[in-house]
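Encoded as structure tokens, the structure appears first; notes follow it.
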Amino acid sequence: MLSTIARLFRSEASNVSRGNSLSRRIITAASSTPSNPSFPMPLDEMLPDDALLSRNASGSKPKQQPLVSHTDLPDHQIVLNLPLAEDPLLHYLASSIMQSGKRHAAQRRVRRTLLHLHAFTRLEPLPLLRKAVELAAPSVRVVTHKSGGKSTSIPVALNEKQRARYALQAILKASNSKSGKTLEERLAREVIHVLGSDKDTNAALKNKDTLHKFAMVNRGNIKEPR
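Numbering (full-length UniProt numbering), first residue to last: 1 to 226.
Structure (structure tokens):
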């Protein structure tokens, strides 16, 4: 089997680009890996039309399309069109994992994360990422206001950009506990775990639930508008 795969890679090296070769290698390697039985496939729920995270790079609302499953297709018939790096959600993700100002390296990591997502699930990766961020995004944060010797916790509503940032930070932090040699693989596994888990078993969802409960306890400290 290994010799067959090696011959396949050598024959494709002359007529495919580096990006397509990477995609095909990951997909071929994942074809022998059993899928996660706890992952609901396919996902029928999509984000609301008015959500910021569902907009494309130009700011307009894209046409809502069902998730495309490649489960029944052979590897040579799978065509994966990676979204542009200017997509708002991918831009936020690249900013979250960027180190020392190296944005191009961060964008390559984002593309590899999408390739891993597709290899693990045989579904379009960007809708999966959007859904995971929507599930892990909190609606409020709690700020501490000090007046004299008293500290008061006040819940504050978050806008769409802030919700996306908090969700990505929680997912990245939770991905450190996942198996995998690279950040891209661990992040892809965490996205799948968010989609197939609940608040009791997933760290990112549990963080959101804890924050909402703390905000509910302190909802009486919200000042009414004058």
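By construction, the Cβ of each residue, glycine as well, lies at the ideal position given by its N, Cα and C atoms.
In this structure, the alpha-carbon of residue 138 lies about 30 Å from that of residue 148. Distance from the CA of residue 150 to the CA of residue 220, rounded to the nearest whole angstrom, comes to 16 Å. Taking a cut-off of 8 Å on C-beta distances, the region 199 to 216 does not touch the region 119 to 128, as fewer than three cross pairs fall below it. Two segments are said to touch when three or more pairs of C-beta atoms, one from each, lie closer than 8 Å; by this definition the region 211 to 219 touches the region 153 to 173.
Nearest C-alpha to residue 114 among 174, 184 and 190: 184.
With fewer than 16 other CB atoms across the displayed protein chains lying within 10 angstroms of its CB, residue 159 is exposed. DSSP places residue 137 in the coil class of the three-state scheme, outside both helix and strand. Under the three-state reduction of DSSP, residue 158 is assigned to coil, being neither helix nor strand. Taking the Cβ atoms as the reference, residue 132 lies roughly 6 Å from residue 195, within the contact range of under 8 Å.
For the pair residue 112 and residue 104, the Cα-to-Cα distance works out to about 12 Å.
In this chain, the alpha helix (DSSP H) harbouring residue 206 covers 203 to 217. Each residue's CA atom was taken as its position, placing residue 142 and residue 172 some 21 Å apart. Contact between residue 168 and residue 96 holds: CB atoms are separated by about 5 Å, below the 8 Å threshold. Burial state of residue 170 is buried, judged by a 10 Å Cβ sphere holding 16 or more other Cβ atoms. Beta-bridge pairing by DSSP links residue 152 to 145.
For residue 163, the CB contacts under 6 Å within the same chain, skipping 5 residues up- and downstream, are 137 in chain order. Residues of the same chain with a CB within less than 6 Å of the CB of residue 145, apart from the 5 flanking positions on each side, are 152 and 154 in chain order. Annotation for residue 178: 186, 189 and 190 place their beta carbon closer than 6 Å to its own, counting only its chain and skipping 5 residues before and after.
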